[in-house]
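To start, the structure itself, in structure tokens.
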Amino acid sequence: ITPDLTTLAKILAGGLPGGALAGKAEYMCALESKNRWGQKMKHPGTYNGNPLSAAAGVAALAEVAKGDLCRQANEMGQRLRTGLNEVFARTGVNWCAYGEFSMVTVVPEYDGPRPDRDDFIPYNNDVARLD
Numbered sequence: 854i855t856p857d858l859t860t861l862a863k864i865l866a867g868g869l870p871g872g873a874l875a876g877k878a879e880y881m882c883a884l885e886s887k888n889r890w891g892q893k894m895k896h897p898g899t900y901n902g903n904p905l906s907a908a909a910g911v912a913a914l915a916e917v918a919k920g921d922l923c924r925q926a927n928e929m930g931q932r933l934r935t936g937l938n939e940v941f942a943r944t945g946v947n948w949c950a951y952g953e954f955s956m957v958t959v960v961p962e963y964d965g966p967r968p969d970r971d972d973f974i975p976y977n978n979d980v981a982r983l984d
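Using the working numbering, you'd call the opening residue of the sequence shown number 854 and step up by one each time.
Dropping the structure here:
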């Protein structure tokens with residue numbers, strides 16, 4: 854599937870308010886001041902032309918282009934989940950941290966099985982172990 858138009862949000866602006874519209878030339882030309890319809894399409898927006906968001910987006914894309922950022926983020930997510938669960942166990946706090954890739958979810962007042970792998974999902978009582 855190739856979309857005619859695509860919208861992109863915060864990730865494109867380095868986490869700041871911002872976004873973008875991308876698409877086929879036959880549709881994007883409506884934004885040009887001199888298009889085939891003779892009138893530029895209006896596209897007002899709160900963050901249009903925001904230089905801070907644009908600079909953050911350029912910086913974020915430069916980091917992503919290096920190719921190692923996702924691996925590093927995933928490793929940091931794993932370290933954080935493991936570290937949190939070690940602290941919870943050591944201090945007797947009845948919480949758990951789980952997730953995959955760089956995402957971390959903390960569940961307070963959790964009394965189910967303890968997470969020991971990345972594929973742990975607390976809401977199914979770790980059914981994956983039954984296979």
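Cβ coordinates follow ideal geometry from the N, Cα and C atoms, glycine included.
Here the structure is a predicted model, which means the values were calculated and not measured.
Am I right that Glu916 and Leu922 are in contact with their C-beta atoms under 8 angstroms? What's the rounded C-beta distance? Start at 1 with the first residue of the sequence shown, and residue 916 comes out as number 63. Start at 1 with the first residue of the sequence shown, and residue 922 comes out as number 69. Sure, about 5 angstroms apart at Cβ, within 8 angstroms.
Report buried or exposed for Leu865, applying the criterion of at least 16 other Cβ atoms within 10 angstroms of its Cβ. For this step, residue 865 is matched to residue 12 along the sequence shown. Flag for Leu865 reads buried.
Using the C-alpha atoms, what's the distance from Phe954 back to Leu884? For this step, residue 884 is matched to residue 31 along the sequence shown. For this step, residue 954 is matched to residue 101 along the sequence shown. Roughly 38 angstroms separates the two Cα atoms.
Cα-Cα separation, Ala912 to Pro961: If you number the sequence shown from 1, residue 912 lands on position 59. If you number the sequence shown from 1, residue 961 lands on position 108. Their Cα atoms are separated by approximately 36 angstroms.
Return the residue from the list Val946, Gly952, Thr855, Gly868 that minimises the CA-CA distance to Leu985. Absent from the model: residue 985. The displayed extent of the chain is 854 to 984, so no value can be given.
Using C-beta distances below 6 angstroms, list every residue in its chain close to Asn862, excluding the 5 sequence neighbours before and after it, in chain order. By one-based count along the sequence shown, residue 862 stands at place 9. The sequence as given places Ala at residue 862; Asn does not occur at that position. Closer than 6 angstroms at the Cβ level, and outside the excluded window around Ala862, lie Gly872.
Whole alpha helix (DSSP H) elements within the stretch 882 to 957, 4-residue minimum: 904 to 918, 922 to 944
Note the first and the last residue of the continuous beta strand (DSSP E) segment covering Ala875. Counting from 1 along the sequence shown, the entry for residue 875 is found at position 22. That run of the beta strand (DSSP E) goes 873 to 876.
Got a sec, what are the start and stop residues for the beta strand (DSSP E) Thr859 sits in? The residue you call residue 859 lines up with position 6 of the sequence shown. Note, Thr859: beta strand (DSSP E), 858 to 861.
In whole angstroms, give me the CA-to-CA distance for Pro968 and Val957. Here the question's residue 968 lines up with position 115 in the sequence shown. Here the question's residue 957 lines up with position 104 in the sequence shown. One C-alpha to the other measures close to 12 angstroms.
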